[in-house]
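*Asks:*
2 protein chains.
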Amino acid sequence: MLYAVFMSRALPSSPQPQEPLEPLQLMQTGPEADEPCLRADAARNRARLLEAAARLIAEHGVAGVTMEAVAAAANVGKGTVFRRFGDRTGLLTALLDHSAKRLQADFLSGPPPLGPGSPPLERLRAFGTAVLHRTAEQLDLQLAAQPEPTRRFTHPAFGSLHMHTTVLLRQIVPGADCELLAHTLLASLDPALIHHLTRQRGMPMERLEAGWLDLVARVTGTDRPR
Amino acid sequence: MLYAVFMSRALPSSPQPQEPLEPLQLMQTGPEADEPCLRADAARNRARLLEAAARLIAEHGVAGVTMEAVAAAANVGKGTVFRRFGDRTGLLTALLDHSAKRLQADFLSGPPPLGPGSPPLERLRAFGTAVLHRTAEQLDLQLAAQPEPTRRFTHPAFGSLHMHTTVLLRQIVPGADCELLAHTLLASLDPALIHHLTRQRGMPMERLEAGWLDLVARVTGTDRPR
DNA sequence: AAGCTAAACGGACCTCGGTCCGGATCGTCC
DNA sequence: GGACGATCCGGACCGAGGTCCGTTTAGCTT
C-alpha cells in the first residue's frame, strides 16, 4: 500500500524568526486548495518520492528512509527531495498527511460522537481515543516525523488538534484557561509518551484510554463515564 | 562561570533494547557514588571538556557547541568527548547536571514547601513552580539537551521527577492512576512546551504558573489556593 | 624499577542531513 | 512554432555527529 500521494503543505518554509505569533488561525480543511499548481514534472516526482518512501518504510522500517535512498529509489536527484519537502521531517509528515487530514475531517464534520452533534464533553472523550489509536497505529512513523523541539508546536497539524481541543474545552469549562489546558491534554497524547508507555513500560492501550477518560473528567470537573 | 565540573552518570550506555522496563527504581541521590573511579587523565579531560563547553555556550550560544569545537577548545581528541559523554545530548546533560541534582536535593530533603514537612498538595504546587522556573532559566540548554523522542522518558533525570510526582500524587489521590497522571502533569512542564508558550506565543511566566496551580487543583479535585 | 593490562586517547573515516548553483524543462506569450 | 522566463533538477559539496582502531599511558603488581 502506498500512503498519501497527494496533499500536504510543508514546503521549505522560511527560517521563521522567533517573534510571538498571532492567535492560531483555523486550518484550511478543504480537500482542494492543496497542490497549489505544481509543474507537471514536479508533481510526478513528488508522487514518485512519496511512493518510494512508503516502499522503503515497508522494506526497511522508518530508519531506512534516508533522503538519499528515497531520491535514488525514486530515480530523482537528492536536491529534488529537499526542494519538495523541505527536510526529512517534511517528507515523513507528508506520508502521514492523508491520515491526518482524515482525522481532522472526522472531528470537524464527521458523524458523532467525534464530529458535531454530540455534546462537547463526549466529543472530547472520543477525540482523545481517536488520536490515541491513530498514533498507536503509526507509532514509528509518528515518532520519526516529530520535528525538533523548537518546531513541535508550530506545526500546522498540531495547531489543528490544539484549536479543536481548545474550542471544545471552552464549551465545557468556560472559566478556565482553555488554551493552556488544551496543551496539557494534548501532551498526554504525545507520540513519544505513548511510545514510552506502551513499548518501554508495557502498558496496554486500555490503560491509556482509561487514563484519558479519567484525565478529561478531572480536568473538566465532570464524572467519568460509567 | 562554569557549570558542573563533576557528577553526572551518562556514560556511553549500551544501545538499550526495546524491552519493557521494570518499575522505575529510585534514583541514587547521594552526592558521592558519582565519578566511579575515573583515571586521573580521564578526570582531568572531563573537567576540561565541561569547562570548554560552558565557555563555548557563553560565547556562541548552544548552537556553537559542536563536538569538534569542544574537543578543540579543550585540547583533546574528538573521540575523547564521545568516550566520556556518549553523545552530544550526554555532554549537554552533564552541563545541566549540577542544577538538576540541586533541584532533586531540594524536593527530596530540602526545606518546605518543596521538601518534606509540608502537606503533599503544597509540595506538588511548589514542585511545579520550581521546575517551571528552573527550566525557564536554562531554556536554551534544556532544549538542546533534549534527547530524541525515543529516549526522552528513559532519562534518569526525568525518572526522578516522575517518581517524585507519582509519590506525591499517591498521597493526594490514592484512587487514581498516579503514574499516568504524573506523566500528564510533567508534560505540562516540558521545556519544549515552555519554550513555545513563552517565546513563540509570548505568554508571561505568571500565566504558566497560574496554569500549573489550576491544573494541580483540577487533577487532584482540590480548590485552588486562595 | 620494570612490566603488564585495562583504560584512555586521538584523529582518520563514514554517514547523513542540508545547501548551492549551473544547466535542463515546462508552460506561456507572441 | 519559436522564444523567453520562471521553475525545477541534479549531484557535487559541506558540516556535524558518531564510529573505529592502532597507539599511548595510568596505575597496580611483582
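Heads up: the protein sequence lines correspond to chains R and W, in order. So the first sequence is numbered by this note's numbering: it starts at 2 and just counts up by one. So the second sequence is numbered by this note's numbering: it starts at 2 and just counts up by one. Just so you know, even glycine gets a beta-carbon here, dropped at the ideal spot from N, CA and C.
Do Leu-51 of chain W and Leu-96 of chain W have their beta-carbon atoms positioned less than 8 Å apart in this structure?
*Replies:* Along the second sequence, read from residue 1 onward, the residue named residue 96 of chain W stands at position 95. Along the second sequence, read from residue 1 onward, the residue named residue 51 of chain W stands at position 50. Yes, these two residues count as a Cβ contact at 8 Å.
*Asks:* Give the interface partners of Leu-104 of chain W over in chain R, defined as CB-CB distance under 8 Å, in chain order.
*Replies:* Here the question's residue 104 of chain W lines up with position 103 in the second sequence. Simply none; closest approach about 20 Å.
*Asks:* Do Ile-173 of chain R and Leu-214 of chain R come within 8 Å of each other at the CB atom, strictly closer than that value?
*Replies:* As a first step, residue 214 of chain R is located in the first sequence; it is residue number 213 there, counting from the start. As a first step, residue 173 of chain R is located in the first sequence; it is residue number 172 there, counting from the start. Not closer than 8 Å, so no.
*Asks:* List the residues of chain W that Gln-147 of chain R touches, going by C-beta distances under 8 Å, in chain order.
*Replies:* Here residue 147 of chain R refers to the residue found at position 146 of the first sequence. The answer, in chain order, is Pro-150.
*Asks:* Give a yes or no on whether 8 Å exceeds the smallest Cβ distance from Val-220 of chain R to chain W.
*Replies:* Translated into positions along the first sequence, residue 220 of chain R becomes position 219. Closer than 8 Å to some Cβ of chain W, the Cβ of Val-220 of chain R qualifies, so yes.
*Asks:* So if I threshold CB-CB distances at 9 Å, which residues from the stretch 86 to 114 of chain W count as touching chain R?
*Replies:* Taking 9 Å as the Cβ-Cβ cut-off against chain R, none of the residues of the stretch 86 to 114 of chain W qualify.
*Asks:* Tell me, please, whether the CB atom of His-61 of chain R is closer than 8 Å to any CB atom in chain W?
*Replies:* If you number the first sequence from 1, residue 61 of chain R lands on position 60. Not an interface residue.
*Asks:* List, in order along the chain, the chain R residues whose C-beta lies closer than 9 Å to that of Ala-215 of chain W?
*Replies:* As a first step, residue 215 of chain W must be located in the second sequence, where it is residue number 214. Sequence inspection shows Asp at residue 215 of chain W; the Ala mentioned does not correspond to that position. What Asp-215 of chain W touches in chain R: Ala-177, Asp-178, Leu-181, Leu-182.
*Asks:* Name the DSSP bridge partner or partners of Pro-117 of chain R?
*Replies:* Locating residue 117 of chain R in the first sequence gives position 116, counting from the first residue. For Pro-117 of chain R, which the question treats as bridged, DSSP gives the partners R:Ser-119.
*Asks:* If you follow the alpha helix (DSSP H) that Phe-165 of chain W is part of, which residue opens it and which one closes it?
*Replies:* Start at 1 with the first residue of the second sequence, and residue 165 of chain W comes out as number 164. Checking the sequence, you will find His at residue 165 of chain W rather than Phe. Here the alpha helix (DSSP H) through His-165 of chain W covers 157 to 173.
*Asks:* Can you have a look at His-61 of chain R and say buried or exposed, based on whether 16 or more other CB atoms are within 10 angstroms of its CB?
*Replies:* Residue 61 of chain R sits at position 60 when you count from the first residue of the first sequence. Under this definition His-61 of chain R is an exposed residue.
*Asks:* I need the DSSP call for Glu-60 of chain W, collapsed to helix, strand or coil.
*Replies:* Here the question's residue 60 of chain W lines up with position 59 in the second sequence. Of the three classes helix, strand and coil, the one that applies to Glu-60 of chain W here is helix, per DSSP.
*Asks:* Quick one: residues in its chain with C-beta nearer than 8 Å to the C-beta of Arg-225 of chain R, no 5 flanking neighbours on either side, listed in chain order?
*Replies:* Position 224 of the first sequence, counted from the start, is the residue given in the question as residue 225 of chain R. Correct list, in chain order: Leu-214, Asp-215, Ala-218.
*Asks:* Use the C-beta contact count for Cys-1 of chain W: other C-beta atoms within 10 angstroms, 16 or more gives buried, fewer gives exposed.
*Replies:* The requested residue 1 of chain W does not occur in the structure, where chain W is confined to residues 2 to 227.
*Asks:* I'd like to know if Ala-188 of chain W contacts chain R, where contact means its C-beta is closer than 8 Å to some C-beta of that chain.
*Replies:* Here residue 188 of chain W is taken as the residue at index 187 of the second sequence, counted from 1. So, interface residue.
*Asks:* Exposed or buried, Glu-207 of chain W, counting other C-beta atoms within 10 Å across all chains shown (16 or more means buried)?
*Replies:* Reading the second sequence from its first residue, position 206 is the one you call residue 207 of chain W. Glu-207 of chain W comes out exposed.
*Asks:* Taking the Cβ atom as the reference point for each residue, do His-196 of chain R and Leu-133 of chain R lie within a distance shorter than 8 Å?
*Replies:* Residue numbering aside, residue 196 of chain R sits at position 195 when the first sequence is read from its first letter. Residue numbering aside, residue 133 of chain R sits at position 132 when the first sequence is read from its first letter. Not in contact: His-196 of chain R and Leu-133 of chain R (Cβ atoms no closer than 8 Å).
*Asks:* Using Cβ-Cβ distances below 7 Å, what residues of the stretch 129 to 146 of chain R are close to chain W?
*Replies:* Those residues of the stretch 129 to 146 of chain R that come within reach of chain W (Cβ to Cβ, closer than 7 Å) are Leu-144.
*Asks:* If you run the structure through DSSP and keep just helix, strand and coil, what is Ser-100 of chain W?
*Replies:* Taking the second sequence and counting its residues from 1, the one referred to as residue 100 of chain W is at position 99. Helix, per DSSP.
*Asks:* Select from W:Leu-209, W:Asp-42, W:Val-82, W:Ala-73 the residue whose C-alpha is nearest the C-alpha of Ala-137 of chain W.
*Replies:* Indexing the second sequence from 1 puts residue 137 of chain W at position 136. Comparing Cα positions, the closest option is W:Leu-209.
*Asks:* Out of W:Arg-171, W:Leu-142, W:Met-164, W:Thr-81, point me to the one whose CA is closest to Val-63 of chain W's CA.
*Replies:* As a first step, residue 63 of chain W is located in the second sequence; it is residue number 62 there, counting from the start. Among W:Arg-171, W:Leu-142, W:Met-164, W:Thr-81, the Cα nearest to that of Val-63 of chain W is on W:Leu-142.
*Asks:* Per DSSP, what kind of secondary structure is Gly-80 of chain W in: helix, strand or coil?
*Replies:* In the second sequence, the residue the question calls residue 80 of chain W occupies position 79. Note: Gly-80 of chain W maps to helix in three-state DSSP.
*Asks:* Please compile the residues from chain W whose C-beta is within a distance smaller than 7 Å of the C-beta of Pro-205 of chain R.
*Replies:* Within the first sequence, the letter at position 204 stands for residue 205 of chain R. By Cβ distance, chain W contributes nothing, its closest Cβ being about 11 Å from Pro-205 of chain R, past 7 Å.
*Asks:* Can you tell me whether DSSP reads Ala-127 of chain W as helix, strand or coil?
*Replies:* One-based indexing of the second sequence puts residue 127 of chain W at position 126. Residue state, collapsed to three classes: helix.
*Asks:* Can you tell me the Cα-Cα spacing of Gly-111 of chain R and Gly-118 of chain R, whole angstroms?
*Replies:* In the first sequence, counting from the first residue as 1, residue 111 of chain R sits at position 110. In the first sequence, counting from the first residue as 1, residue 118 of chain R sits at position 117. So the two alpha carbons sit approximately 9 Å from each other.
*Asks:* Considering only their Cβ atoms, is the gap separating Gly-212 of chain R from Asp-191 of chain W smaller than 8 Å?
*Replies:* The residue labelled residue 191 of chain W in the question sits at position 190 within the second sequence. The residue labelled residue 212 of chain R in the question sits at position 211 within the first sequence. Going by C-beta atoms, Asp-191 of chain W is not nearer than 8 Å to Gly-212 of chain R.
*Asks:* For Gly-212 of chain R, go through chain W and note every residue whose CB falls closer than 7 Å to its CB, in chain order.
*Replies:* Numbered from its first residue, the first sequence carries residue 212 of chain R at position 211. Going along chain W in sequence order, the residues near Gly-212 of chain R (Cβ under 7 Å) are Asp-178, Leu-181.
*Asks:* If the criterion is Cβ atoms closer than 8 Å, does the pair Ala-73 of chain R and Arg-49 of chain R meet it?
*Replies:* Looking up residue 73 of chain R in the first sequence gives position 72. Looking up residue 49 of chain R in the first sequence gives position 48. In this structure, Arg-49 of chain R does not lie closer than 8 Å to Ala-73 of chain R by Cβ.
*Asks:* Three-state secondary structure (DSSP) at Gln-139 of chain W?
*Replies:* For the purposes of this step, residue 139 of chain W is taken as residue 138 along the second sequence, with counting starting at 1. Of the three classes helix, strand and coil, the one that applies to Gln-139 of chain W here is coil, per DSSP.
*Asks:* Which whole runs of the alpha helix (DSSP H) in the stretch 172 to 211 of chain R are 4 residues long or more, in chain order?
*Replies:* Counting only runs of 4 or more, we get 179 to 188, 192 to 196.
*Asks:* Measure the C-alpha to C-alpha separation of Thr-78 of chain R and His-184 of chain W and round it to an integer number of angstroms.
*Replies:* Walking along the first sequence from the start, residue 78 of chain R turns up at place 77. Walking along the second sequence from the start, residue 184 of chain W turns up at place 183. In the sequence under discussion, the amino acid at residue 78 of chain R is Gly, which differs from the Thr named in the question. For Gly-78 of chain R and His-184 of chain W, the distance between alpha carbons rounds to 43 Å.
*Asks:* Sort R:Val-220, R:Arg-171, R:Leu-170, R:Leu-109 by Cα distance to Leu-182 of chain W and report the nearest one.
*Replies:* Within the second sequence, residue 182 of chain W is the residue found at index 181, counting from 1. Comparing Cα positions, the closest option is R:Val-220.
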